[in-house]
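Just so we're on the same page, the working numbering is the position in the sequence shown counted from 1, plus 187. Using N, Cα and C, we set each Cβ at its ideal position, and we do this for glycine too. Since this is a predicted model, take the numbers as computed values, not measurements. Below is one structure, written out as structure tokens; comments come after it.
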Amino acid sequence: MSMRTSTINSIFKNDLKRFWVVGLMYLILIFLNIPLNMLISLSKVTDKEELIFTFTQMFNYQSDYFIFCILILSILVGMLLIREVQGYRSNIHIFSLPFSKKNIFINKFFAGFVLFFTPIFVNFLITEAIYFAFGVNELMKKSIILNYYIMLLLICIIFFLQSLVIGIITSNSLFHISSGLLINFIPFIFISVLNSFLNVVFYGLHLEDSVTLLTSNKSFIAYLFPLLSWLNSEIVFSKAGFAGYIYLILTILIYFLLSYVLFTKRKNEKATNLIVFDSIAEALKYFNTALLMFGVSSLATMIAKGDIFTVFMWGLIGAFFGYYLSEALLKRNFKVYRNLEGYLIVVSIWCIFLLISQTEIIFRHSPPKLEDVESVCISNNKKIIYDMEYEFKAPRFHITNKETIKKILSLQQHITSLKRDYSKSDNIYIVYKLKNGREIKRLYEGSFDSKYNEYMKLISLDEGYKKINYNIFNIDDKEFDKVMIFIKDKNEVEINDKDKIKFVVNNLKRDILSNSYQYKDEIIFDGIEKSKGSIEIYYGYDGQKYKYIAYVIDTNNKWIDELIK
Numbered sequence: 188m189s190m191r192t193s194t195i196n197s198i199f200k201n202d203l204k205r206f207w208v209v210g211l212m213y214l215i216l217i218f219l220n221i222p223l224n225m226l227i228s229l230s231k232v233t234d235k236e237e238l239i240f241t242f243t244q245m246f247n248y249q250s251d252y253f254i255f256c257i258l259i260l261s262i263l264v265g266m267l268l269i270r271e272v273q274g275y276r277s278n279i280h281i282f283s284l285p286f287s288k289k290n291i292f293i294n295k296f297f298a299g300f301v302l303f304f305t306p307i308f309v310n311f312l313i314t315e316a317i318y319f320a321f322g323v324n325e326l327m328k329k330s331i332i333l334n335y336y337i338m339l340l341l342i343c344i345i346f347f348l349q350s351l352v353i354g355i356i357t358s359n360s361l362f363h364i365s366s367g368l369l370i371n372f373i374p375f376i377f378i379s380v381l382n383s384f385l386n387v388v389f390y391g392l393h394l395e396d397s398v399t400l401l402t403s404n405k406s407f408i409a410y411l412f413p414l415l416s417w418l419n420s421e422i423v424f425s426k427a428g429f430a431g432y433i434y435l436i437l438t439i440l441i442y443f444l445l446s447y448v449l450f451t452k453r454k455n456e457k458a459t460n461l462i463v464f465d466s467i468a469e470a471l472k473y474f475n476t477a478l479l480m481f482g483v484s485s486l487a488t489m490i491a492k493g494d495i496f497t498v499f500m501w502g503l504i505g506a507f508f509g510y511y512l513s514e515a516l517l518k519r520n521f522k523v524y525r526n527l528e529g530y531l532i533v534v535s536i537w538c539i540f541l542l543i544s545q546t547e548i549i550f551r552h553s554p555p556k557l558e559d560v561e562s563v564c565i566s567n568n569k570k571i572i573y574d575m576e577y578e579f580k581a582p583r584f585h586i587t588n589k590e591t592i593k594k595i596l597s598l599q600q601h602i603t604s605l606k607r608d609y610s611k612s613d614n615i616y617i618v619y620k621l622k623n624g625r626e627i628k629r630l631y632e633g634s635f636d637s638k639y640n641e642y643m644k645l646i647s648l649d650e651g652y653k654k655i656n657y658n659i660f661n662i663d664d665k666e667f668d669k670v671m672i673f674i675k676d677k678n679e680v681e682i683n684d685k686d687k688i689k690f691v692v693n694n695l696k697r698d699i700l701s702n703s704y705q706y707k708d709e710i711i712f713d714g715i716e717k718s719k720g721s722i723e724i725y726y727g728y729d730g731q732k733y734k735y736i737a738y739v740i741d742t743n744n745k746w747i748d749e750l751i752k
């Protein structure tokens with residue numbers, strides 16, 4: 188028993204002796220990022236508020252370079268520790284020892300853990316010393332530092348375990364490194380390619396912004412593949428929260444168990460293959476085939492402005508390259524023409540899917556029937572579309588007039604009859620609420636013709652359309668806190684009185700509904716030089732800033748003169 192423990196300890200110590208330099212690199216990198224930065228800020232900045240802001244940014248949001256360096260070092264640790272068990276010849280020595288794979292794996296894991304835990308802990312102590320020695324305790328809470336270093340430790344563990352998983356699966360160090368860098372991007376690349384493909388095949392299909400959702404801190408996928416989320420500051424270092432820490436711990440458990448199971452099930456006789464596990468090799472082959480099939484077909488169709496036949500032909504080409512290259516890499520031989528049975532299966536599924544996609548079985552290409560529609564929401568304002576979809580606001584079903592709904596149905600029919608150019612110069616978002624409670628969402632993007640403009644001009648006269656597309660109708664009057672009126676060649680007028688604010692809001696609504704008012708959005712005031720000025724209505728104060736809606740003061744706004752006398 189003592190001999191067993193001694194040998195395991197010698198393996199552990201040997202790993203640390205060989206790879207301590209990587210731990211030193213961790214130490215230097217973290218020191219440059221936090222303790223040294225704190226010292227420089229304390230020596231240069233004297234303003235207290237500026238220091239608070241500097242330290243808040245320092246501990247909450249990390250630079251892309253720092254996160255990438257942590258990723259690269261973690262991949263390097265995983266590769267160095269697992270390299271001797273990857274190849275058939277190199278692992279003969281370690282597997283010839285009288286110890287189980289379980290003990291060897293645990294040794295490797297803890298050796299890696301010590302290599303990044305030690306430098307993190309040392310830097311934590313240095314940061315604590317700076318915190319008390321230089322009076323930083325007056326600028327921020329001590330818990331921020333602790334949360335930061337806990338998060339950093341969890342990040343290193345996740346990246347390290349990802350590297351271990353890949354290293355166990357493959358026998359090639361180059362594949363190990365490249366896959367370690369790519370693994371965090373793969374889910375998002377696939378979702379983006381799939382979204383693009385579905386948008387090409389199903390014209391008008393409304394897709395949620397899946398990539399944004401996947402990288403948000405509300406998604407478990409963002410923690411399972413966390414690099415993009417940290418780069419986008421979706422997961423803030425010192426503000427992960429209880430749910431965030433639970434997700435991170437679950438992620439670590441998943442990767443740890445996966446790497447442990449793969450390590451113990453790994454067969455040495457398969458170590459000559461690029462991918463050691465046959466089932467994983469097959470899955471990877473078909474994943475690459477699908478990715479290239481979807482990506483090449485959608486990209487070629489958008490460039491060529493083609494139709495479903497273009498999708499079909501380029502899909503076959505993309506699938507062939509994906510399948511052939513995967514077979515060639517896995518077999519390490521480009522003469523794999525006899526192993527293309529799987530490609531024929533993919534082609535068969537591809538043909539069946541595209542045939543069905545052009546029917547009403549999967550996707551309703553035609554508009555619903557007039558008698559089935561209860562109400563409609565429609566907008567060609569990009570900000571309104573963004574607010575309703577990406578700010579998770581419900582569609583505004585204000586259009587109930589049957590004649591207007593009939594025009595909207597005709598507009599949809601006209602848009603789908605046009606040849607697609609795949610540009611995004613025009614957008615039209617339509618949501619039908621059917622009498623059976625179902626909703627049909629369509630988002631058309633492209634460059635539309637003059638007939639589209641004629642339809643929109645008629646539809647925009649509807650009162651329901653105005654209530655959808657003018658935010659003033661969709662904000663509670665009680666939220667309005669302030670009005671600013673800017674008149675040319677006059678001083679600006681600020682209104683805080685609730686009764687006067689209500690007067691302004693009610694008159695604007697009346698002008699909009701009576702078509703006597705020219706709407707301009709919150710960003711660009713087209714034609715403002717021909718108007719009297721502008722009105723800004725402020726609401727939704729969050730403690731730091733207001734939201735606001737803004738309108739041009741048209742010549743028909745006679746009540747403005749009465750208000751500012």
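*Check Phe377 in the structure and name its three-state DSSP category.*
In the structure shown, Phe377 falls within a helical segment according to DSSP collapsed to helix, strand and coil.
*For the stretch 668-675 and the stretch 638-658, state whether three or more C-beta atom pairs, one from each stretch, are separated by less than 8 angstroms.*
Touching, no, given that fewer than three Cβ pairs across the two stretches are closer than 8 angstroms.
_So, with DSSP's three-state summary, where would you put Ser721?_
Three-state DSSP puts Ser721 in a strand.
*Using beta-carbon positions only, say whether Leu414 and Leu258 come within less than 8 angstroms of one another.*
Yes, the pair counts as a contact, with Cβ atoms nearer than the cut-off.
*Every unbroken alpha helix (DSSP H) inside the stretch 403-486 [4 residues or more]*: Listed in chain order, the complete alpha helix (DSSP H) runs (minimum 4 residues) inside the stretch 403-486 are 407-411, 414-418, 428-452.
*Could you tell me whether the Cβ atoms of Ser634 and Asp613 are closer together than 8 angstroms?*
With a cutoff of 8 angstroms on beta-carbon distance, Ser634 and Asp613 are scored as near each other.
*Sorted by chain position, which residues of the same chain lie with C-beta nearer than 8 angstroms to Ile549's C-beta, five sequence neighbours on each side aside?*
The beta carbon of Ile549 sits closer than 8 angstroms to the beta carbons of Phe389, Ile543 from its chain, once the five residues preceding and following it are set aside; these are given in chain order.
*Quick one: what's got a C-beta closer than 6 angstroms to Gly502's C-beta in the same chain, skipping five residues either side?*
Taken in chain order, the residues that qualify are Met480, Ser484, Trp537.
*Give every residue of the same chain whose Cβ lies closer than 6 angstroms to the Cβ of Phe660, excluding the five residues on either side of it in the sequence, and list them in chain order.*
The residues are Lys654.
_Leu369 versus Glu590: straight-line alpha-carbon distance, rounded_ = In this structure, the CA atom of Leu369 is about 53 angstroms from the CA atom of Glu590.
*asked:* Below 8 angstroms, how does it come out for the stretch 463-477 and the stretch 525-533: are there three or more Cβ pairs, yes or no?
replied: Result yes; three or more Cβ-Cβ pairs closer than 8 angstroms.
*Assigned secondary structure, Gly265 (DSSP; H/G/I helix, E/B strand, else coil)*: Three-state DSSP puts Gly265 in a helix.
_Closest to Ser755 by C-alpha separation, out of Trp746, Tyr318, Phe308, would be which residue?_
What is shown of the chain runs 188 to 752, which leaves residue 755 out entirely.
*8 angstroms Cβ cutoff met for Ala458 and Ser358*: The Cβ atoms of Ala458 and Ser358 lie closer than 8 angstroms to each other.
*How would you call Thr546, buried or exposed, if buried means at least 16 neighbouring beta carbons within 10 angstroms?*
Result: exposed.
*Go ahead and pull the three-state DSSP assignment for Leu203.*
Leu203: helix per DSSP, three-state reduction.
*Distance between beta carbons of Val563 and Ile797, contact taken as under 8 angstroms*: In this structure the chain extends from 188 to 752, so residue 797 is not present and cannot be described.
*Can at least three beta-carbon pairs, one atom from the stretch 260-269 and one from the stretch 206-218, be found at a separation below 8 angstroms?*
Short answer: they touch.
*asked:* I believe Cys256 touches Phe303 by the beta-carbon criterion, under 8 angstroms. Please report the beta-carbon distance rounded to the nearest angstrom.
replied: Not a contact, Cβ separation roughly 12 angstroms.
*What first and last residue would you give for the alpha helix (DSSP H) that runs through Leu596?*
589-604 is the span of the alpha helix (DSSP H), which, as asked, contains Leu596.
*Around the C-beta of Ala298, are 16 or more other C-beta atoms found within 10 angstroms, so that it is buried, or is it exposed?*
Ala298 comes out buried.
*asked:* According to DSSP, simplified to helix, strand and coil, what is Gly727?
replied: Three-state result, Gly727: coil.
*Please state if the CB of Arg551 and the CB of Gln599 are separated by a distance shorter than 8 angstroms.*
Arg551 is positioned such that its CB atom lies no closer than 8 angstroms to that of Gln599.
*State buried or exposed for Arg525, treating a residue as buried only when at least 16 other CB atoms are found within 10 Å of its CB.*
So Arg525 ends up on the exposed side.
*asked:* Report the CB separation of Leu341 from Leu214 in whole angstroms; it is logged as a contact under 8 angstroms.
replied: Taking 8 angstroms as the upper bound for CB-CB distance, Leu341 and Leu214 are not in contact here, some 18 angstroms apart.
*In or out: Gly493 buried (at least 16 other Cβ within 10 Å) or exposed?*
Buried is the label assigned to Gly493, since at least 16 other Cβ atoms lie within 10 Å of its Cβ.
_Cutting at 8 angstroms between CB atoms, please list the residues of its own chain near Val463, excluding the five before and the five after it._
Closer than 8 angstroms at the Cβ level, and outside the excluded window around Val463, lie Ile355, Ile356, Thr357, Ser358, Arg453, Lys454, Lys457.
*Alpha carbon to alpha carbon, how far is Asn658 from Ala468? Give it in angstroms, no decimals.*
When rounded, the distance between both Cα atoms is 53 angstroms.
_Among Gln349, Asn588, Leu512, Leu223, whose alpha-carbon lies nearest the alpha-carbon of Leu471?_
Of the candidates Gln349, Asn588, Leu512, Leu223, the one whose C-alpha sits nearest the C-alpha of Leu471 is Leu512.
*With DSSP as the reference, please indicate the residues paired to Glu681 in a beta bridge.*
The partner list for Glu681 (beta bridge, DSSP) reads Met671.
*Apart from the five residues just before and just after Leu381, which ones in its own chain have a Cβ nearer than 7 angstroms to its Cβ?*
Excluding positions up to five away in sequence, the list reads Phe481.
_Bridge partners for Gly633 per DSSP, in chain order?_
Looking at the DSSP assignment, Gly633 forms a beta bridge with Asp613.
*Can you give the Cα-Cα distance for Tyr738 and Tyr726, rounded to whole angstroms?*
Tyr738 and Tyr726 have their C-alpha atoms some 15 angstroms from each other.
*What is the DSSP secondary structure of Tyr652, reduced to helix, strand or coil?*
The answer is helix: DSSP assigns Tyr652 an H, G or I state.
_Using a Cβ-Cβ distance cut-off of 8 angstroms, determine whether Leu219 contacts chain D._
Of the chains in the structure shown, none is chain D; there is only one protein chain.
*Residue range of the beta strand (DSSP E) that includes Ser566*: Note, Ser566: beta strand (DSSP E), 560-566.
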